[in-house]
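A.B. asks:
Number of protein chains: 2
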Amino acid sequence: MYFLGVDGGGTKTIAYLLDEESNLIFKNTSGPTNILENGEEVFRKNLRELLYPVLKNINPKDIKSCFGLPAVGEFREDIKILRKIIKEELNIEADTIVNDVVIGWAGGNLARDGIHVVAGTGTITYGRKGNKDIRVSGWGSIIGDEGSAYYIGYRTLNEVSRELDGRKRRTDLTKLIFKKLNLRDHLDFIEFIYDPQKDRRSNIASVAKITYEIAKIGDKKALKILKESAKELALTVTTANKFLKIEKPITVTYSGSVLEKNEIVREEFIKLLAKGGYEVKPPKLSPVLGAVLLAFLNYENNGQKREDFINKLLKIYKEEEKQ
Amino acid sequence: MYFLGVDGGGTKTIAYLLDEESNLIFKNTSGPTNILENGEEVFRKNLRELLYPVLKNINPKDIKSCFGLPAVGEFREDIKILRKIIKEELNIEADTIVNDVVIGWAGGNLARDGIHVVAGTGTITYGRKGNKDIRVSGWGSIIGDEGSAYYIGYRTLNEVSRELDGRKRRTDLTKLIFKKLNLRDHLDFIEFIYDPQKDRRSNIASVAKITYEIAKIGDKKALKILKESAKELALTVTTANKFLKIEKPITVTYSGSVLEKNEIVREEFIKLLAKGGYEVKPPKLSPVLGAVLLAFLNYENNGQKREDFINKLLKIYKEEEKQ
């Protein structure tokens, strides 16, 4: 039996295939697979590009698969539609189709009870206890995604706009943002935000890095935005656990640029959650290996085999981390 | 001499032409003329459609004109570029080109010292004292436009999203919004917000009407959003006057759906400003007649003639209001 894990995303899609001895025999990357954002044709094309090279040599019946895809849970009959497309394009049964935050959780805490927070350009939180699970936040940049890089960027640019037109007292924030973004005046500022050449969402999210740099050199407004973002992210965790009621200590894992790279947000996030008995930990496996693990678990849940399989995955992950 | 006023917008564009006896001899409407949003070709086409029917019969040299257009002040060399296009398309000199908020002010307070707030889908505030003028807010829906219909809609939908996923306690707000928007569940909610068939900005702004209805029947969260929006709008006025220092009483006029139709926002706005010696009044003339007035004033500023001209404009406006 082979185990296939797919980690879909708005930018790229990753696939890993393990053979019966749990050896990684194939990995590949293709373009985005958010069916709502990129459309069905792009979704189909990137699935084909991702998996054609390996599927021609393997009997589809020998594959147990898990697809972690964006947009799952966000439109009607999602699983049915996605399963049909996967069958048409790849001739395999998609045994498990979940939102990509679920494979983040599975990789993060080896599919054990716990809560996983994705905080990159967008944000979404997923928690599981036994068969109970819950999603919090993740409504997208238009309505929410509080605590994400988009949110940090938006809050920062909003603050600058208020300083520029006099609604707030001019502080170093505007001076520093203008310098870092290489802006001369308010026309450059408007052009940066509304530039039709750039993807607006990633463009605004890209400011979050600068907010972090500025906060590190002591800017109080930038620091406040980051601390409030951490508070928003922590709120998604405590909200998830209000429903799940996992016993303490509650393991919280994370992925995405904000919690991985922004130490101010991460430390505040850890501090806020520590009070409630939450233990924040870096993920044990990448999301794509989380998908492989779910493909395995949904096929085989024998305790001993499970531990062996997980050990193999941890070894694969460790070796990749070294590279 | 003829006086031409043009009121451009993101949805439609209006033109009025008055003859030397200040009679309204022509009016016409065409599509949007936001050169940044709609592009140069649409801008050119709608200008032609708007004014071709009348310009073929009049000597261009006999026309004094004022164009109030969106996007003025938002890109480099705006006036130069727009003047060139107007000359190419219509063969007339655009004597005055200003942002459409400026003709709102001119119509609102007959081009006298004061502050004008536009609060429709977006929002922007403009104030003038003598030769000094200032713009506040109006950075667009992505960054700000606090107090606009978009802002009210966004704030309302954000609140619903937090109630839906448990970050906030479920109140009647979600129940009422779901009922008014005819939504069954969170999938309908996501579909409403991200529907690619609809213009996202106007779609979200359209929720502001519902927030108003719900606030009227006593919903506390909706009421809070409206009061905070009024506070944001009032802040733009006091910010403008921090710079202008107009003597009290300071006349504040307004246009746009939020301040025209939402009585809760308008009453709170009036109340907040009353404390500082601001007198909020409905506009004396429509923006397009404000444009005609500016076309006249930039040509002729003789006191007596000015009063006669204004009286004619007020009469035209009154008659139109009756229809």
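Chain order of the listed sequences is S and E. In this text, residue positions in the first sequence follow full-length UniProt numbering: the first is 1, and each later residue adds one. In this text, residue positions in the second sequence follow full-length UniProt numbering: the first is 1, and each later residue adds one. Idealized CB from N, CA, C, for every residue including glycine.
1. What are the partner residues of S:Tyr16, as DSSP defines its beta bridges?
2. DSSP three-state label for S:Phe43, please.
3. Does any residue of chain S bring its CB to less than 8 Å from the CB of E:Phe243?
4. From the DSSP output, in three-state form, read off S:Arg76 for me.
5. Looking at the structure shown, is E:Asp172 part of a helix, part of a strand, or coil, going by DSSP?
6. Can you tell me whether S:Ala274 is buried or exposed? The criterion is at least 16 other CB atoms within 10 Å of its CB, across all chains shown.
7. Taking only beta carbons into account, state which residues of the stretch 162 to 178 of chain S come closer than 7 Å to chain E, listed in chain order.
8. With a cut-off of 8 Å, does the C-beta of S:Ile193 fall near any C-beta of chain E?
9. So E:Gly166 and E:Asp100 are in contact, right, with Cβ under 8 Å, and what is the actual spacing, rounded?
10. Going by beta-carbon coordinates alone, are S:Ile79 and S:Ile97 separated by less than 8 Å?
11. Using a C-beta cutoff of 8 Å, does S:Asn158 count as contacting chain E?
12. Just tell me which of E:Asn158, E:Ile103 and E:Glu146 has its CA closest to the CA of E:Val72.
13. Would you mind reading off the limits of the alpha helix (DSSP H) that contains E:Leu297?
14. Going by beta-carbon coordinates alone, are E:Cys66 and E:Leu294 separated by less than 8 Å?
15. Is E:Ile214 close to chain S, meaning its C-beta is less than 8 Å from at least one C-beta of that chain?
16. So the alpha helix (DSSP H) E:Asn99 belongs to, where does it begin and stop?
17. List the residues of chain E whose Cβ lies closer than 7 Å to the Cβ of S:Trp139, in chain order.
18. Counting pairs of beta carbons, one from the stretch 168 to 180 of chain E and one from the stretch 210 to 221 of chain E, are three or more of them closer than 8 Å?
19. Can you list, in chain order, the residues of the stretch 199 to 211 of chain S whose Cβ is nearer than 9 Å to any Cβ on chain E?
20. Below 8 Å on C-beta distance, what does S:Arg128 contact in chain E?
21. Give the single residue among S:Gly256, S:Ile142, S:Thr239 and S:Glu88 whose Cα lies nearest to the Cα of S:Gly276.
22. Using a beta-carbon distance below 8 Å, is E:Val72 in contact with chain S?
23. Counting only C-beta atoms, is S:Thr96 closer than 8 Å to chain E at any point?
24. Evaluate S:Lys242 with the Cβ neighbour count: other Cβ atoms within 10 Å of its Cβ, from every protein chain shown; 16 or more gives buried, anything less gives exposed.
25. Between the Cα of residue 327 of chain S and the Cα atoms of S:Ser148, S:Thr121, S:Glu93 and S:Lys84, which residue gives the shortest distance?
26. Which word fits S:Arg128, buried or exposed, when buried means at least 16 other C-beta atoms lie within 10 angstroms of its C-beta?
27. Since E:Leu47 and E:Ile86 are thought to touch, with beta carbons under 8 Å apart, how far apart are those beta carbons, to the nearest angstrom?
28. Select from the stretch 308 to 319 of chain E all residues with a C-beta closer than 8 Å to any C-beta belonging to chain S, and list them in chain order.
29. What are the boundary residues of the alpha helix (DSSP H) that includes E:Asp308?
30. Could you check what DSSP says for E:Asp133 in three-state terms: helix, strand or coil?
31. Identify every run of the beta strand (DSSP E) within the stretch 223 to 256 of chain E, keeping only runs that are complete inside it and at least 3 residues long; order them along the chain.
32. Using a Cβ-Cβ distance under 8 Å, would S:Thr236 count as near chain E?
33. Do we get a CB-CB distance below 8 Å when we pair S:Leu51 with the residues of chain E?
34. What's the gap between the Cα of E:Gly114 and the Cα of E:Tyr154?
35. Between the Cα of S:Gly68 and those of S:Tyr317, S:Lys271 and S:Leu289, spot the shortest distance and give me the residue it belongs to.
C.D. replies: The relevant details are as follows:
1. S:Gly5 and S:Lys27
2. helix
3. yes
4. DSSP places S:Arg76 outside both helix and strand once states are collapsed to three, so it counts as coil.
5. helix
6. exposed
7. Answer set for the stretch 162 to 178 of chain S: Asp165, Gly166 and Arg167.
8. yes
9. Cβ-Cβ separation between E:Gly166 and E:Asp100: approximately 43 Å, too far for a contact (criterion under 8 Å).
10. yes
11. yes
12. E:Ile103
13. From DSSP, the alpha helix (DSSP H) with E:Leu297 extends over Pro287 to Leu297.
14. yes
15. no
16. From DSSP, E:Asn99 is part of no alpha helix (DSSP H) but of the beta strand (DSSP E) over Thr96 to Asn99.
17. Ser161
18. yes
19. Arg200 and Ile204
20. Near S:Arg128 there are no residues of chain E at all, since even the closest Cβ is about 15 Å away, more than 8 Å.
21. S:Thr239
22. No, E:Val72 does not count as interfacial toward chain S.
23. no
24. Exposed: under 16 other Cβ atoms inside 10 Å.
25. This structure does not reach residue 327 of chain S, given that chain S is present from 1 up to 323, and the question cannot be answered.
26. With 16 or more other Cβ atoms inside 10 Å of its own Cβ, S:Arg128 counts as buried.
27. 7 Å
28. Cβ contacts with chain S: none found.
29. Gly303 to Lys322
30. Strand at E:Asp133.
31. 250 to 255
32. Yes, S:Thr236 lies at the interface with chain E (some Cβ there is under 8 Å from its Cβ).
33. no
34. 30 Å
35. S:Leu289
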